[in-house]
Each structure stands twice: as C-alpha cells, then as structure tokens.
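Top to bottom, those sequences are chains C and R.
For the first sequence, this note's numbering begins at 3 and goes up steadily by one.
For the second sequence, this note's numbering begins at 89 and goes up steadily by one.
Where is the CB? At the ideal position from N, CA and C, for every residue including glycine.
All values reported here derive from a predicted model rather than from experimental measurement.
Below is one structure, written out as structure tokens, with a few remarks after it.
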Amino acid sequence: MTPLLDIADLSITYAAASGPVRALRNVSLTIAKGEVLGLVGESGSGKSTLASAMMALLPANAAVNGRLEFNGADLFALGPEARRRLRGNGVAAIFQDPFTALNPATRIGVQLIEFQHHKTGIGHAERSRRAVAMLGRVGISDPERRMRQYPFELSGGIRQRVLIAAALLTEPQLLIADEPTTALDATTEMQVVALLRASRALVDGAIVLVTHDMRLVADLCDRVAVMYAGELVEAGPTAEVVTRPRHPYTKALLACDPARIAGPVRRFPTIPGQVPDPAIPRDGCAFAARCTEASGICLTTPPPMVRGDGGDFARCHRLVA
Amino acid sequence: MVLEIEDLVVRYKTGGWAGALRSKSQRHVEVLAGVGLELNSGRTLGVVGESGSGKTTLARAVVGLAPIAAGVVRVDGMRASGWGDGPWRFIRRKVGFMFQDPLASLDPRMDVATLVTEPFVIHRTQGIDRRREAARLLDLVGLPARFLDRYPYQLSGGQARRVSVARALALKPKLVIADEPTAGLDLSIQGDVLNLMTDLQAELGMSYLLITHNLTVARHVADEIAVMYLGRIVETGPTDAVYRLPAHPYTRALLGARGGGERVVLEGEPPSLSPRPHGCEFHARCPIAKPRCQTEPPAEQVIAPRHRVLCHFPLIQPQAAGTA
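Written out as structure tokens, the structure is:
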C-alpha cells in the first residue's frame, strides 16, 4: 500500500543575507493512513520546517531538494492553485496559539462556514448545519449560541476546540497539530488531549503531532520521529522509542524530562553545549559535540541509518555492530 | 521569616461606564481573596495554579505592584500594606524579581552590563563600579564577560534567563520571586536554569517564591507548595506530602493532569470572578461536591502539621484537632 505521505531525502535550505541556512537535512519518513505520528525536537530542530513542508507552506526563500509525495503526488511539483486546493481539502492544521488563529472581527459561525468553501455541492444552510454538528462533536456545549459569538468571548480551551472543529470540517486526509496544547492550562490541556485522542476516529487519514512534549507523544502517538539540528535522528513505535531509546540524543532528551525523574531531585540532567548553527557547514554527526558516547569517527563522517526489526531506525555510529 | 503574607486582598476595578450601573460588589474583581503564606530563609515555596488563579498577581503584590485592598505583606521584618511608596521601596531592595518573559522585560536598547546594574541606579547605590559589578554578576550566573556588551536581541532564551537571574541578584536580595522562570525553554535548557537557581540558593542563601503552572518542575525544586484557585490558596503543605497525598480534589485533578496515578479530568474551566461563585468556589467543577459545598464556604482544615486544605470533604482525613 502506498503511504499517505512519503518523504525521501528531503533537504530544505533558506537563503539568508548571511548565507544559506540548512534547516532540514536529508530527511526520509513515511506516514501511513490511520497513523498518529509524533514529531519531536527542541527549538531549531527543523520540526516546524518539516511540518510547513507537509502543508506546502514554505516561504519564498526556501530551496527544496528531495521528494515529498502526498497520496502519490509530488507536493513540490504542484502549481500554486493545486497547492491551495490541497490546503483546503487534503491537509489541515491546528496551531499552537488559539488566540491568534481566529479572525477576531468575525463570528465563529461565519468562519466555520468559510472553512468549508472547498466542499462542493452543499449550500450555506448545510454548511451551517455541519458546523453546528461538529462543534457538538468536539464537546462544545450550546453550539448554536457559539456560532453567533466572536472569538474574544471564548476561553482558550474553547477556542482550541473551535479550531479543531474547523480543521475536522474540511475532512482532511492529513491533520497537522503544531503544539496544540502548549498555550493551555493543565486541566484544559487534559480536555484537549482527550479530544485529540477522540479525533482519531474523525480523521480518515493520518495525524501528525508536532511537539516538544514527550508525555503528549506517549499519550497520543503510535510512532515518534525525533529531530535534532535539522536531521531525523531516530524514529520508531512510541512504546519502543520511549522505553528503549537508541540514539544518544533521544536518551539525553528523555533523561532531561522532569516528569520522568522518579523521586524529587534538586539537580536536573542537562545536555551540555548548544545546538550547532545551521548556517555553518558541518561534517560528521550533528550531535557529536554534545554526545557522551562520541568517538573520532562521529566528528568526521555522517552517521549511517541503522534499521531495527520493528520499522524503527536511528542514525548513529555507535549502533553499527 | 523572610516573607509573611496575611489575608491579602487585591481588587481591580472593572472598567467602563457600565461598571457604574452595577451593584457595588460587582464593580471590582477580587483577584486575591485573602491569601496567607509564610516563607523561611533559604527555602523555596512553589505557587501553582492555572491562569487566572492569581499567581502572578500574588507575585506582584509582594513588591507592591498590585492594588492591595486589605492585608499585610512583611518582607524581612518590614511591614507594608495598601498603596504608598514608603515601605515598598525598602521591600523592593530586598526582593529580586524575575519576570515571566525575560526578553520582554529586558530593555532592548540597553546592553547587558547596563541591564544587570540598573537596580543600583534605581536604588541610588553609591560607590559602585558598575562594569566590575556587572562582570561579577555575569560570572555568578555562568555567562562569560564578553556578554557585557551584548544587547537582548543577541541572547538566546536560556541566556536571557541568566541575565534576568543576574539582575534579580544585583542587590543581594533575601527573596527572589521567579515568575515562570522556565516557560518557553527547551527541556535541556530548563534543567540548566533550574540547576543554576539551586546552586545560587546554596551559595547565597536567599529564598525563592517560585510561580509556575509546571507541576513537575515545582515538585522537584520547591520545599513547600501552595495551590491556588480563583485567588485563594486551597491547599498548602510540604511538597512531598501534597504530591503524595493531595487533600483537595482540585490538587488531585491538577496532579492527575500530569502523569502518575489515576486520571481525573475536570469538566469545564475556572468560573468567572464577578460575581464569585457561592459556597465553595470549586463546587461546580468538583467531582465529589455535595449540597453543602454549594452554599457554605469551606473553612481551613489541618491535615498534618503545615499541611492545610480549604475543603469541606478533604480526600485525606484531618487530624483529630480538626479545623484551624
């Protein structure tokens, strides 16, 4: 079966005044229909660039190498019109900040109806009916009244639900959720997580969850892909990666998570050093300078991709037997 | 006692001409509704709660940056209440403040050396070699001297936090208020900043009032914890006891929100403050609320020495001595 999303050897370089910035380096990843994938990494890891590429939303100064196929069609070969259609019809996104993602001057109902402009063959009344039904499905009480409200009248949690409803109304094949709970409080976050879990049944396709929160990944995702400095360093089934990480960066990242540290500690583990500057050319492994297990070869030669049995892989010299 | 707060009430006026039409009690929003807490020297008190619970208002009130309607703040023995400049000037000299967003709280037109020594100018400290003092402060927070001439836009998130720590420490405070010191930081950097704060406390002996919504961070770094809901402290006690055996249903839900134990998902969101809910202000969202909770505000109950809860039906049986 062809995967829903097939990314092969994808590199993205931004042209900047100071020289080229290599934001994404040789990333290969497939996402199957029905799958929930967690895309994890810290600032500067390239996870947002990769998510933007999936939506064909790259800025004009981005140069693309490699392949990104959505349903068998090369996304970068599409014309502007076809890309727009894809964003309204094939791919939908939920963003981090529910406070800026809605038009503040327009009623919720009008916005939810507009989101459906790609759906042909249904009238305004039907679109309105679908919007009300979807608000109900995402757990919003009194949806008819919400349709008439403006965004400022809604709390953060309700707005994020409205945005999830908006995304689901387009019946996307690929739903990209970019840090969907970061701006929310603990108890509201739990409600939205429960809703996202339930959304699996409402999306006839795949969900990509972009996050830095490993707990969220463990909660929601079948598979996880870990990014570091523009590279995909490890990917595999969530349970596998979280309990038996193979890449030293994944290990270090999991060790830093205060939620994973059993007893109260005063000193937290850290990852010394800094993420390498994407504008500076590099040989060898991106993580070598901060890696506790690095040896000579790590500084000179790019690490090989080492595959495991369960469709998992990691890029690390240490894994070569 | 470095910090002592008694029955602190903070009210904000609700704006607009429509306010004048409302009944008197509705013309104000009571953001803090009688908060009391104590913090000993060299200790860390974590204040946790959701947005709107009053955490940040509490932090600001400690240095007189909120309209205090009633109650007393005592810092290092100096007593202050209400508005007015007198005692607050003294208090602000004893308190270092790390604001929530370090990049927004650092003046973009000042270099780091000027930023970290600004407190000396504000408090008119004489006989200070600003440059040398700035280098000393940067050294304290682990930044090399070359950062002295940098501007805020040249700092990473972690470096900006270090600068805001350095600035908070300039006047050798007895108390440092850290408002969400790790919000927006990557996990690996978060540990760095927290370790730095712990080391500095061991070295300099100041107390921390740590304001955070991050319960996992609070669990590791706070000696004592205070859980806020709608401007009241609903549970307080030694961190270990509160996390192991939460007595308030709200605390239990918050902790369940973040891994471990069975999960209790709360319905809805914190209700409006104007007017405040009747009875126990948590009753509408409480999974174990009884009729009494809708009408009668709960009194504080003592679960164990120092462990107190504001609930009619605490999850842990109070001591025989009972209500305080």
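Are the CB atoms of residue j and residue i within a distance shorter than 9 Å?
i: arginine 250 of chain R; j: threonine 270 of chain R; result: no
i: glutamine 188 of chain R; j: aspartate 311 of chain R; result: no
i: leucine 165 of chain C; j: leucine 104 of chain C; result: yes
i: arginine 269 of chain C; j: asparagine 283 of chain R; result: yes
i: alanine 261 of chain C; j: isoleucine 273 of chain C; result: no
i: arginine 150 of chain C; j: proline 100 of chain C; result: no
i: alanine 58 of chain C; j: alanine 169 of chain C; result: no
i: valine 353 of chain R; j: methionine 192 of chain C; result: yes
i: leucine 211 of chain C; j: alanine 179 of chain C; result: yes
i: asparagine 91 of chain C; j: proline 153 of chain C; result: no
i: methionine 229 of chain C; j: glycine 43 of chain C; result: yes
i: methionine 294 of chain R; j: leucine 342 of chain R; result: no
i: leucine 133 of chain R; j: glycine 184 of chain R; result: no
i: isoleucine 9 of chain C; j: leucine 60 of chain C; result: no
i: phenylalanine 208 of chain R; j: leucine 259 of chain R; result: yes
i: isoleucine 265 of chain R; j: valine 150 of chain R; result: yes
i: leucine 176 of chain C; j: leucine 52 of chain C; result: no
By DSSP, does residue i sit in helix, in strand, or in coil?
i: aspartate 180 of chain C; result: strand
i: asparagine 67 of chain C; result: strand
i: threonine 202 of chain R; result: helix
i: histidine 395 of chain R; result: strand
i: glutamate 126 of chain R; result: strand
i: asparagine 28 of chain C; result: strand
i: glycine 410 of chain R; result: Unreliable positioning characterises glycine 410 of chain R in this predicted model, as indicated by a pLDDT of 46, which lies under 50. A coordinate reading is not provided.
i: phenylalanine 315 of chain C; result: strand
i: glutamine 276 of chain C; result: coil
i: phenylalanine 72 of chain C; result: strand
i: histidine 371 of chain R; result: coil
i: glycine 36 of chain C; result: coil
i: histidine 308 of chain R; result: helix
i: tyrosine 16 of chain C; result: strand
i: alanine 62 of chain C; result: coil
i: glutamine 405 of chain R; result: coil
i: glutamate 92 of chain R; result: strand
i: glutamine 81 of chain R; result: Any property of residue 81 of chain R remains undetermined from this structure, which presents chain R solely from 89 to 412.
i: lysine 101 of chain R; result: strand
i: threonine 270 of chain R; result: coil
i: methionine 316 of chain R; result: strand
i: proline 82 of chain C; result: helix
i: glutamate 221 of chain R; result: helix
i: leucine 259 of chain R; result: coil
i: valine 183 of chain R; result: strand
i: glutamine 382 of chain R; result: helix
i: glutamine 278 of chain R; result: helix
i: methionine 57 of chain C; result: coil
i: proline 326 of chain R; result: strand
i: valine 42 of chain C; result: strand
i: threonine 132 of chain R; result: strand
i: valine 209 of chain R; result: helix
Pop quiz: residue i and residue j are said to be a contact at Cβ under 8 Å. What is the actual Cβ separation, rounded to whole angstroms?
i: threonine 32 of chain C; j: valine 23 of chain C; result: With 8 Å as the limit, threonine 32 of chain C and valine 23 of chain C do not qualify as a contact, their Cβ atoms being about 26 Å apart.
i: aspartate 95 of chain R; j: glycine 152 of chain R; result: Wrong, their Cβ atoms sit about 16 Å apart, outside the cutoff.
i: arginine 131 of chain R; j: histidine 116 of chain R; result: Not confirmed; about 33 Å, so no contact.
i: cysteine 293 of chain C; j: proline 305 of chain C; result: Their Cβ separation, rounded to whole angstroms, is 10 Å, which puts cysteine 293 of chain C and proline 305 of chain C out of contact at 8 Å.
i: valine 226 of chain C; j: alanine 237 of chain C; result: 7 Å
i: cysteine 399 of chain R; j: glutamine 407 of chain R; result: The pair is not a contact, with the Cβ atoms about 14 Å apart (cut-off 8 Å).
i: threonine 240 of chain C; j: aspartate 224 of chain C; result: 6 Å
i: valine 315 of chain R; j: histidine 395 of chain R; result: Wrong, their Cβ atoms sit about 12 Å apart, outside the cutoff.
i: glutamine 247 of chain R; j: leucine 231 of chain R; result: 7 Å
i: isoleucine 376 of chain R; j: proline 402 of chain R; result: No, isoleucine 376 of chain R and proline 402 of chain R are not in contact; Cβ-Cβ is about 10 Å, not under 8 Å.
List the residues of chain D whose Cβ lies closer than 8 Å to the Cβ of residue i, in chain order.
i: leucine 342 of chain R; result: Absence of chain D from the displayed structure is noted, the protein chains being C and R.
Between the region 298-309 of chain R and chain C, which residues of the former have CB atoms less than 9 Å from a CB of the latter, in chain order? His301, Asn302, Leu303, Thr304, Val305, Arg307, His308 and Val309
Using Cβ-Cβ distances below 8 Å, what residues of the region 168-192 of chain C are close to chain R? Asp187, Ala188, Thr189, Thr190, Glu191 and Met192
Residues in the region 133-149 of chain R with C-beta within 8 Å of chain C's C-beta atoms, listed in sequence order? Glu138 and Ser139
Which ranges does the beta strand (DSSP E) cover as unbroken runs of at least 3 residues, wholly within the region 98-178 of chain C, from first to last along the chain? none
Sequence ranges, beta strand (DSSP E) only - wholly within the region 135-171 of chain R, length at least 3: 156-163 and 166-168
Output, in sequence order along the chain, the residues in the region 264-283 of chain R whose CB is closer than 7 Å to any CB in chain C. Cβ proximity to chain C below 7 Å picks out Asp274, Leu275, Ser276, Gly279, Asp280, Leu282 and Asn283 from the region 264-283 of chain R.
Give, in chain order, every unbroken run of the beta strand (DSSP E) that is at least 3 residues long and sits entirely within the region 284-308 of chain R. For the region 284-308 of chain R, whole beta strand (DSSP E) runs of length 3 or above, ordered along the chain, are 295-300.
Fully enclosed by the region 190-250 of chain C, which beta strand (DSSP E) runs are 3 residues long or longer? 208-213, 225-230 and 233-239
Would you list, in chain order, the members of the region 233-251 of chain C that have their beta-carbon closer than 8 Å to a beta-carbon of chain R? Considering only beta carbons, no part of the region 233-251 of chain C lies closer than 8 Å to chain R.
When Cβ atoms are compared, which residues of the region 265-290 of chain C fall closer than 7 Å to chain R? Pro266, Val267, Arg268, Arg269, Phe270, Pro271, Thr272 and Ile273
Which residues, taken in chain order from the region 32-51 of chain C, show a beta carbon closer than 7 Å to some beta carbon of chain R? Glu44 and Ser45
According to a CB-to-CB cut-off of less than 7 Å, which residues of the region 105-133 of chain C neighbour chain R? none
What are the residues of the region 132-157 of chain C that lie near chain R, defined by any Cβ-Cβ distance shorter than 7 Å? Ser157
Given a limit of 7 Å on CB to CB distance, which residues of the region 352-373 of chain R reach chain C? Val353, Leu354 and Glu357
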